[in-house]
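Visitor: Counting from 1 along the sequence shown, just add 82 to a position and that's the residue number in this note's numbering.
We put the CB at the ideal spot given by N, CA and C, even for glycine.
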Amino acid sequence: MNIKDSIKKALQRKGFFKASEIQEKVIPAALLGKDVVGKSRTGTGKTAAFAIPLVQKIIPGQGFSAIVIVPTRELASQVKEEIASIASGSHVKTLAVFGGQNIRRQMDFLEREPEIIVGTPGRLIDLLSRGALSLKRSRFLVLDEADKMFDMGFRDDVERIISVLPRERQTMLFSATMPREILGMIDRHMSRNKEIFDLSEDDAPVQEVQQFYLMADRHQKIDSLRKVLVAYKSKTLVFCRTKRTVDWLERQLSNRGIRALAIHGDKPQNARNRIIDRFKSSSGGVLIATDIVARGIHVDDIGNVINFDFPQETEAYIHRIGRTARQGKQGMAVSLCSNLMELETLKRVGARNNAVIQPFQG
């Protein structure tokens with residue numbers, strides 16, 4: 083790939099020496115100026131797949147050139163950091179804007195006209211309505227985790243943002259799934275000559291994740307979870323269905339001598355940032371989270387994923403276990419099943435993805 087030396091050096095400093103499959107497909111097409119659709123799960127290197135072409139093609143000093151729209155605050159922060167690290171050898175500036183932080187301070191940073199803006203739909207709309215952000219000269223649009231944005235009710239906000247962008251632009255859209263609403267957006271806002279890359283089959287996480295189940299009714303779940311955590315001490319992400327369960331589980335584990343971090347949407351943004359930083363820096367920490375918040379957590383060395391609450395949808399299960407076994411590493415997923423119906427559902431998901439889900443022995 084014909085990438086600038088400054089970008090190559092930045093990638094080498096980050097330890098990137100071999101492109102992932104989605105990067106090999108997306109980057110050449112994006113560098114040619116084509117619209118790109120990428121269907122791929124998280125943890126496959128898609129952020130770099132769009133960040134590298136942006137940094138390569140943007141001319142420093144020309145103001146707001148690219149807008150990257152993401153569903154969550156955590157993802158906005160992490161995507162911004164990823165782009166900034168890739169742009170470290172250039173003069174391309176990046177800013178993340180999202181709720182939960184002082185909007186006046188973000189408006190002050192916008193006055194410096196960074197070339198790349200990464201933001202959540204609500205905060206972008208707010209800044210546009212205040213006149214603090216103009217996208218009239220933006221030449222690039224990236225929609226990251228588009229399906230999640232729609233799940234969270236941001237479709238109208240995204241459409242409103244797109245409506246103020248120039249018609250002549252390059253658009254890249256990434257989504258783990260392609261529901262009808264996403265396909266409609268692609269038809270409305272992307273070129274007929276777009277490149278579509280479907281890596282959902284090839285990148286299915288079940289190929290690298292050892293999957294287990296553990297039968298445990300609601301009275302046994304805490305002790306069953308503790309059993310897994312004691313047996314496997316690598317970095318672990320525990321999924322719960324509700325914010326209340328996240329807080330309750332943190333207390334229950336603490337009472338049993340296991341220190342865990344807990345994160346959900348009701349915690350202040352600064353607290354969430356500190357929690358994620360602590361989890362990243364730990365060697366064998368435990369983080370309890372809800373699905374929506376965890377969608378924005380990108381940590382490459384998670385060894386285990388535990389479904390304390392069984393996921394309500396098949397796609398949620400795939401997204402959850404995709405948090406481990408990243409970048410070709412091995413990982414383990416354990417689902418605590420409360421009844422035979424959950425177990426049968428789990429086995430059907432496994433069969434559909436050519437995976438055998440075994441009983442956890444510990």
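(1) Could you tell me how far apart the beta carbons of I199 and F146 are, in whole angstroms, since I believe they sit closer than 8 Å?
(2) Is it true that the stretch 113-130 meets the stretch 180-192, where meeting means three or more beta-carbon pairs spaced less than 8 Å apart?
(3) From the DSSP output, in three-state form, read off F473 for me.
(4) Short check: CB of I168 to CB of L114, under 9 Å?
(5) Is it buried or exposed, Q412, if we count other Cβ atoms within 10 angstroms and call 16 or more buried?
(6) Can you list, in chain order, the stretches of the alpha helix (DSSP H) that have 4 or more residues and sit fully within the stretch 163-250?
(7) Under 8 Å, with one C-beta from each stretch per pair, do the stretch 308-327 and the stretch 157-166 reach the 3-pair mark?
(8) When you compare the CB positions of I358 and F390, do they come within less than 9 Å of one another, or not?
(9) Going by other Cβ atoms of all chains shown within 10 Å of its Cβ, with 16 needed for buried, is N435 buried or exposed?
(10) Secondary structure at V108, three-state DSSP: helix, strand or coil?
(11) State buried or exposed for I141, treating a residue as buried only when at least 16 other CB atoms are found within 10 Å of its CB.
(12) If I measure Cβ to Cβ from G181 and keep anything under 7 Å in the same chain, skipping five residues before and after, which residues do I get?
(13) Select from G339, V150 and R326 the residue whose C-alpha is nearest the C-alpha of R308.
(14) Is D117 closer than 9 Å to K31 when the C-beta atoms are compared?
(15) What does a CB cutoff of less than 7 Å around Q138 pick up in its chain, not counting 5 residues either side in sequence?
(16) If you draw a straight line from the C-alpha of P441 to the C-alpha of R237, how long is it?
(17) From Q252 to V150, what distance separates their C-alpha atoms?
Guide: On the basis of the supplied data:
(1) As a first step, residue 199 is located in the sequence shown; it is residue number 117 there, counting from the start. As a first step, residue 146 is located in the sequence shown; it is residue number 64 there, counting from the start. About 6 Å separates the Cβ atoms of I199 and F146, confirming a contact at the 8 Å cut-off.
(2) When C-beta atoms of the stretch 113-130 are compared with those of the stretch 180-192, fewer than three pairs fall below 8 Å, so the two segments do not count as touching.
(3) The structure shown does not extend to residue 473, since the chain spans only 83 to 444, so no value can be given for it.
(4) In the sequence shown, residue 168 corresponds to position 86, counting from 1. In the sequence shown, residue 114 corresponds to position 32, counting from 1. No, Cβ-Cβ distance for I168 and L114 is not below 9 Å.
(5) One-based indexing of the sequence shown puts residue 412 at position 330. Note on Q412: under 16 other CB atoms within 10 angstroms of its CB, so exposed under the neighbour-count rule.
(6) Along the stretch 163-250, the alpha helix (DSSP H) occurs as fully enclosed runs of 4 or more residues at 185-192, 203-211, 228-233 and 237-245, listed in sequence order.
(7) Judged by pairs of C-beta atoms under 8 Å, the stretch 308-327 does not touch the stretch 157-166, as fewer than three such pairs exist.
(8) Residue 358 sits at position 276 when you count from the first residue of the sequence shown. Residue 390 sits at position 308 when you count from the first residue of the sequence shown. By the CB criterion at 9 Å, I358 and F390 fall outside the cutoff.
(9) Within the sequence shown, numbered from 1, the residue matching residue 435 stands at position 353. So N435 ends up on the buried side.
(10) Within the sequence shown, numbered from 1, the residue matching residue 108 stands at position 26. DSSP places V108 in the helix class (H, G or I) of the three-state scheme.
(11) Along the sequence shown, one-based indexing puts residue 141 at 59. When all chains shown are included, I141 counts as exposed.
(12) Position 99 of the sequence shown, counted from the first residue, corresponds to residue 181. So the qualifying residues of the chain are R155, T202, G204 and R205.
(13) Here residue 308 refers to the residue found at position 226 of the sequence shown. For R308, the nearest C-alpha among the options comes from G339.
(14) Nothing in the structure corresponds to residue 31, since the chain is present only between 83 and 444.
(15) As a working note, residue 138 is residue 56 in the sequence shown. So the list reads I85, K86, I89 and L113, once near-sequence residues are dropped.
(16) Taking the first residue of the sequence shown as 1, we reach residue 441 at position 359. Taking the first residue of the sequence shown as 1, we reach residue 237 at position 155. Rounded to the nearest angstrom, the gap between the Cα atoms of P441 and R237 is 41 Å.
(17) Walking along the sequence shown from the start, residue 252 turns up at place 170. Walking along the sequence shown from the start, residue 150 turns up at place 68. Roughly 12 Å separates the two Cα atoms.
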